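Under the working numbering, the residue at position 157 of the sequence shown is numbered 235, and the numbers go up by one with no gaps.
Glycine is no exception: its CB is placed at the ideal position from the N, C-alpha and C atoms.
Computed from a predicted model, the values in this text were never measured in an experiment.
This report refers to the structure that appears directly beneath it.
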Amino acid sequence: KTRERLYVRMGIGLLLALPPLWMLVLVLRRALRVFRQSEQETVERERLQILADASNLIAHEVRNALNGLGVGLDLLLQGDRGGQNSREGRIVRQLRDEMQRLSEFTGELMLFSKGIVPHPVRLDLADTVPKLTELSLDLASEVGCQIDVRVERAPVWTRVDPSLLRVVLGNLIGNALDVLASKSSGEPSSVRVELDADEAGAKVRVSDDGPGVPEAFRAHLFEPFQTTKPSGTGLGLALSRRIARAHGGDLVLEPSTQGASFLLTLPSEAP
């Protein structure tokens, strides 16, 4: 009987101990999963930081080399007796254009790798947007496109870093012009830049009448180094969205029946 009572007590004790032990096992397993996930995220962040530092260093060195080459090409062009219309002059100009494109890419890469730190000032977008759009008129003329700017007559105030806003608009308009330049229809094309505002904030819409963004690519549209253009770098839209969100706004692809339409939103500021 004593042995039976001992077995009963041991059984009861075991039954009472099993639920807490099972709960402890579950908690420990969950803690282990969280720890492994945190460890993986930490390693990934460290790898991304190393990649960012390396990208910044490479971009810096490339930019310095391009500046030196640009000075040399300018001197070569000045010494060309045939002038800019000669064969040598045209080759030098083409090289200069390619170097400028590469320099802009390295600038975007440096900005992307270092992180977005805006220095916002109070701006009237109704005055600023048309001025920034004018910077793309020469490129639009080269590809045979027009840029149609439509802004509110009333001031649209916001706080934004002008140089970063220039990067965003330059990327959006440049992408639209690249797409329109590859159209084979021969019909006149245009890029529309519209500005308005409501209670939610200021809105800058850049749209075109091109073929639009492929459905399969839309899920990766704002990821870095993702592009459908043969000569694209895949940084422009990713960088532009980061800039928008660093200002408290956003950049999205809107639904459209024709072409692509990108909407940049920025917080409004009282007059």
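Residue i versus the options, residue with shortest Cα-Cα distance
| i | options | result |
| --- | --- | --- |
| Leu-242 | Arg-320, Glu-220, Arg-108 | Arg-320 |
| Asp-287 | Ser-268, Leu-94, Met-101 | Ser-268 |
| Gly-337 | Val-199, Arg-244, Glu-293, Ala-297 | Glu-293 |
| Glu-347 | Ala-280, Gln-224, Ala-297, Trp-100 | Ala-280 |
| Arg-283 | Asp-226, Trp-100, Glu-220, Arg-83 | Asp-226 |
| Leu-213 | Arg-244, Gly-193, Ala-204, Leu-299 | Arg-244 |
| Ser-334 | Glu-301, Pro-266, Ser-285 | Ser-285 |
| Glu-272 | Leu-203, Met-101, Asp-328, His-298 | Leu-203 |
| Leu-258 | Trp-100, Arg-228, Leu-217, Arg-83 | Leu-217 |
| Asn-253 | Met-88, Pro-98, Ser-339 | Ser-339 |
CA-to-CA distance, residue j to residue i, given in whole angstroms
| i | j | result |
| --- | --- | --- |
| Leu-341 | Arg-270 | 12 angstroms |
| Leu-331 | Pro-233 | 25 angstroms |
| Thr-206 | Leu-104 | 58 angstroms |
| Glu-236 | Thr-211 | This sequence places Thr at residue 236; Glu is not what is there. Going from the Cα of Thr-236 to the Cα of Thr-211 covers about 18 angstroms. |
| Gly-290 | Asp-256 | 12 angstroms |
| Asp-239 | Gly-326 | 12 angstroms |
| Arg-200 | Glu-230 | 17 angstroms |
| Pro-198 | Val-246 | 14 angstroms |
| Gly-314 | Ser-116 | 30 angstroms |
| Ile-251 | Leu-173 | 23 angstroms |
| Phe-275 | Pro-208 | The amino acid at residue 275 is misidentified as Phe; the sequence shows Ala. Straight-line Cα distance between these residues: approximately 16 angstroms. |
| Ser-260 | Gly-193 | 33 angstroms |
| Arg-365 | Trp-100 | With the chain represented from 79 up to 349, any question about residue 365 goes unanswered, as that position is not in the structure. |
| Asp-328 | Ala-316 | 11 angstroms |
| Phe-295 | Pro-98 | 50 angstroms |
| Glu-277 | Gly-248 | 26 angstroms |
| Phe-300 | Ala-322 | 12 angstroms |
| Ser-219 | Arg-228 | 19 angstroms |
| Ala-324 | Pro-302 | 16 angstroms |
| Glu-82 | Met-88 | 10 angstroms |
Per-residue burial, residue i [other beta carbons within 10 Å of its own, 16 or more giving buried]
| i | result |
| --- | --- |
| Val-112 | exposed |
| Gly-222 | exposed |
| Ala-109 | exposed |
| Ile-90 | exposed |
| Leu-93 | exposed |
| Val-195 | exposed |
| Thr-343 | buried |
| Leu-215 | exposed |
| Leu-106 | exposed |
| Ser-318 | buried |
| Ala-297 | exposed |
Bounding residues of the beta strand (DSSP E) (the contiguous stretch that carries residue i)
| i | result |
| --- | --- |
| Ser-339 | 339-344 |
| Val-330 | 328-332 |
Extent of the continuous alpha helix (DSSP H) to which residue i belongs
| i | result |
| --- | --- |
| Val-207 | 203-211 |
Any non-hydrogen atom of the ligand PLP closer than 7 angstroms to residue i Cβ
| i | result |
| --- | --- |
| Pro-208 | You won't find the ligand PLP in this model; it holds no ligand whatsoever. |
Output the residue ranges of the beta strand (DSSP E) runs that lie fully inside the stretch 216-264 and measure 3 residues or longer, sorted by chain position.
223-228, 235-238
In chain order, which alpha helix (DSSP H) runs of at least 4 residues are fully inside the stretch 275-326?
314-324
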